[in-house]
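Down below is the structure, laid out as structure tokens.
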Amino acid sequence: MNNGNHHNGAATAGGVGPAGIAGAGDNQWLLRVRNLTKIYGEPGPRTLELTGPEFSSNICPDTDSIVACAEVSFDLYPGEVLGIVGESGSGKSTVVKLLYFDLGKTAGSALLYPYDQGQTNMLEASGQQKRRIRNHLMGMVYQNPRDGLNFHFSSGGNIAEKLIMAGQLHVGGIRERASQLLEKTEIPVRRLDDTPATFSGGMQQRVQIAKAIANNPPLLFLDEVTTGLDVSVQARVLDLIRELQQELGIAMIVVSHDLSVIRMLTDRTLVMKNGRIVESGLTDQILQDPQHAYTQLLVSSLL
Ligand SMILES: Nc1ncnc2c1ncn2[C@@H]1O[C@H](COP(=O)(O)OP(=O)(O)OP(=O)(O)O)[C@@H](O)[C@H]1O
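Using UniProt numbering, the letters of the sequence shown correspond one by one to residues 1 to 303.
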């Protein structure tokens, strides 16, 4: 498991920023996740014992319940980019969907420092508090733009929605901010009133990114955001994410089955298999010297 010692001297650490962690000290985590677990179906007493990488299965032989993820623990520091890599079905998306409140947990806790100074498990917050956390402190970019965007709204309308949810009501200000965000994500501002349905796949992802960062959240989730795009389009979206990360100092959790995406974007990586973390560490170290047999297989497929 990660020892929590590494972080990259985040731009927001110690400063008065959207992370709200002024004076929190240099080693203050932004997000602390412990024993995050999601099980579909009724688990039995031995469900966790009888599933996982050593069984090459996440299905409990006693109850047929599915362990989407179990006992996932890690810390994320302000401005740090953490990757989650693993094959299809390993539980990567489940982890970010639990943290973004798209799914309800079976067990575990997640403390987000700007929410109640990290004193309260945000996974047990009320619906209203969760909406507040989501609107002010987090952004999400989904693999499928239809999950993150309303295709009946214009691109500007999609961004406006996020701004309004966070309490911005001044129409002129909203339009100006939406234009600024489109510019930042390299979409011609003249497309402000066009719907995402008229955009290319790469542009749709960039509108999702613009919407996700609209309220300057300290934390952004990216779930397979370039999967399915043409290689050249992928490269442009990845470059944009990297530039925005450097400019804004935003912490990110990047989910991908693709180690080249993980290599390009992340500082530290969790490797998942059958719902469990099998290895974690600095991305460079994992790529150079993978310890777990499964990670070795993943890395060799990259070479
Ligand atoms: N609604 C559901 N009911 C039952 N099982 C589910 C449900 N959603 C996900 N699962 C299972 O949970 C496990 C983890 O799924 P998850 O989507 O997190 O994997 P992943 O690593 O993100 O893979 P992918 O990229 O293919 O989505 C898989 O075995 C999946 O079949």
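Cβ atoms here follow ideal geometry from the backbone N, Cα and C, with glycine treated the same way. All figures in this text were calculated on a predicted structure; none of them were measured in a lab.
TODO: Return the CA-CA distance between VAL271 and GLN291, expressed in angstroms with no decimal places.
DONE: By 1-based counting over the sequence shown, the position of residue 271 is 271. By 1-based counting over the sequence shown, the position of residue 291 is 291. Roughly 11 angstroms between the two C-alpha positions.
- [ ] Quickly, what does DSSP pair MET165 with across the bridge? List them, please.
- [x] Within the sequence shown, numbered from 1, the residue matching residue 165 stands at position 165. For MET165, which the question treats as bridged, DSSP gives no partner whatsoever.
Task: Collapsed DSSP secondary structure at GLY275 in the structure displayed - done: Within the sequence shown, numbered from 1, the residue matching residue 275 stands at position 275. Of the three classes helix, strand and coil, the one that applies to GLY275 here is coil, per DSSP.
Task: Buried versus exposed, by CB contacts within 10 Å (16 or more), ALA22 - done: Numbered from 1 along the sequence shown, position 22 holds the residue referred to as residue 22. Only weak support is given to the placement of ALA22: the predicted model assigns it a pLDDT of 49, under 50, and the question is left unresolved by the model.
Open item on the list: Helix, strand or coil, according to DSSP, for GLY23 in the structure here?
Closed with: In the sequence shown, the residue the question calls residue 23 occupies position 23. Bear in mind that the predicted position of GLY23 carries a pLDDT of just 49, short of 50, making it unreliable; the figure below should be weighed with that in mind. Note: GLY23 maps to coil in three-state DSSP.
TODO: Look up ASP147 in the DSSP assignment and say whether it is helix, strand or coil.
DONE: Locating residue 147 in the sequence shown gives position 147, counting from the first residue. It is helical.
Open item on the list: For SER256 and ARG46, I'd like the C-alpha separation in whole angstroms.
Closed with: Mapped onto the sequence shown, residue 256 falls at position 256. Mapped onto the sequence shown, residue 46 falls at position 46. Using only the alpha carbons, I get a separation of about 30 angstroms.
Task: Residue nearest to ILE66 in terms of C-alpha spacing, selected from LEU240, LYS38, ASP230 - done: Reading the sequence shown from its first residue, position 66 is the one you call residue 66. Cα-wise, what sits closest to ILE66 is LYS38.
Task: CB-CB length for LEU219 against ILE241, believed under 8 angstroms - done: Within the sequence shown, numbered from 1, the residue matching residue 219 stands at position 219. Within the sequence shown, numbered from 1, the residue matching residue 241 stands at position 241. Not confirmed; about 14 angstroms, so no contact.
TODO: Could you tell me if the beta carbon of TYR77 falls within a distance shorter than 6 angstroms of some heavy atom in ligand 1?
DONE: Looking up residue 77 in the sequence shown gives position 77. Outside the cutoff, so no.
Open item on the list: Any heavy atom of ligand 1 closer than 6 angstroms to the beta-carbon of ALA235?
Closed with: Residue 235 sits at position 235 when you count from the first residue of the sequence shown. Checking every heavy atom of ligand 1 against the Cβ of ALA235, none is found closer than 6 angstroms.
- [ ] Look up ALA10 in the DSSP assignment and say whether it is helix, strand or coil.
- [x] Here residue 10 refers to the residue found at position 10 of the sequence shown. Reliability of the predicted coordinates at ALA10 is poor, the pLDDT of 34 falling under 50, and the value obtained from them is presented with this limitation in mind. In this structure, ALA10 counts as coil in the three-state DSSP scheme.
TODO: Taking all protein chains shown into account, decide if THR198 is buried (16 or more other Cβ within 10 angstroms of its Cβ) or exposed.
DONE: Position 198 of the sequence shown, counted from the first residue, corresponds to residue 198. Per the 10 Å Cβ criterion, exposed.
- [ ] Closer than 6 angstroms by C-beta to GLN143: which residues in its own chain qualify, once you throw out the five before and the five after it? Chain order, please.
- [x] Locating residue 143 in the sequence shown gives position 143, where the first residue counts as 1. Only ASP223, GLU224, THR227 meet the Cβ criterion.
Task: Between the CA atoms of THR185 and LYS273 - distance to the nearest angstrom - done: Indexing the sequence shown from 1 puts residue 273 at position 273. Indexing the sequence shown from 1 puts residue 185 at position 185. Distance between the alpha carbons of LYS273 and THR185: 33 angstroms.
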